[in-house]
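In terms of the working numbering, the sequence shown opens at residue 5 and continues consecutively.
Structure first, commentary second.
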Amino acid sequence: MPCSRTDHLLREYFSDDLSPVMRAEIEEHVTACADCAAQLRELTGAARELRRWEDIPTPRWDRHMALFRRERGAEKAPGWKLAWQWIPATACALMLGLMLLNASVVYQDGALEISFGSPGLAAVDQRLAEFNRLQADEREQFADMLARFEQLRMQDLETMQAGYELLADRDYETVRSLQQLVSLVGSTGVAGW
């Protein structure tokens with residue numbers, strides 16, 4: 005039958021603040037109780053095994069980079085890695101600064117214009133006048149093209165009309181020749197042929 009005092013006594017036995025008198029009492033009980041003696045042997049064996057264990061340092065998280073450098077023989081400073089990490093943040097900060105300064109970047113006629121703040125009224129008026137001039141030039145070119153198209157259409161109509169009149173004249177001559185032939189045949193008779 006298991007001893008009811010085993011757990012309590014063994015816990016006390018392995019305690020660091022155990023008095024020598026209490027230790028003697030526990031050892032006396034263990035010599036008389038087979039169950040406690042078996043438990044004590046198991047625990048002392050486990051304690052011996054635990055004392056033989058060595059502390060192993062925990063692995064470093066950046067161990068793979070150290071292995072990579074050792075294998076490749078590249079002992080470069082980590083500064084290049086940090087520089088690449090800051091490029092997106094720098095680009096975002098630059099864009100935010102341009103937005104807050106109300107910067108305007110315009111590429112026109114092969115030139116890049118950068119201006120800060122809202123564009124001046126004179127610049128807006130100048131661009132509007134340039135746009136209106138371009139629109140007027142395009143309207144004039146369109147009107148010229150439309151006039152040329154109308155002139156070509158009228159020439160085509162005149163050519164078609166002259167061709168139709170020529171065709172009608174020929175048809176009239178053909179009809180007249182046929183009428184003369186019929187009147188000739190009618191006057192001489194068909195039997196004479």
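For each residue, glycine too, the CB sits at the ideal point set by N, CA and C.
Item, Value
"Pick from 110, 23, 31 that is closest to residue 9, judged by C-alpha positions", "31"
"Secondary structure, alpha helix (DSSP H): runs of 4+ residues fully inside the stretch 86-155", "none"
"Residue 72 (DSSP reduced to helix, strand or coil)", "helix"
"Neighbourhood of residue 35 by C-beta distance below 8 Å, restricted to the same chain and skipping five residues each side", "41"
"Helix, strand or coil at residue 160 according to DSSP, with G and I counted as helix", "helix"
"Proximity winner among 100, 14, 39, relative to residue 27 (alpha-carbon distances)", "14"
"Residue 197 burial status per 10 Å Cβ neighbour count (16 or more: buried)", "Reliability of the predicted coordinates at residue 197 is poor, the pLDDT of 49 falling under 50, and the value obtained from them is presented with this limitation in mind. Under this definition residue 197 is an exposed residue."
"Under the three-state DSSP convention, the category residue 59 falls into", "coil"
"Alpha carbon of residue 88 to alpha carbon of residue 59, nearest angstrom", "38 Å"
"C-alpha distance - residue 151 paired with residue 175, whole-angstrom precision", "36 Å"
"For residue 75 and residue 112, the rounded distance between their alpha carbons", "53 Å"
"Residue interval of the alpha helix (DSSP H) (run including residue 13)", "10-17"
"Extent of the continuous alpha helix (DSSP H) run through residue 6", "Note, residue 6: premise wrong, no alpha helix (DSSP H); not H, not E."
"8 Å Cβ shell around residue 55 - same chain, five flanking residues per side excluded", "none"
"Exposure of residue 43, with buried meaning 16 or more beta-carbon neighbours within 10 Å", "buried"
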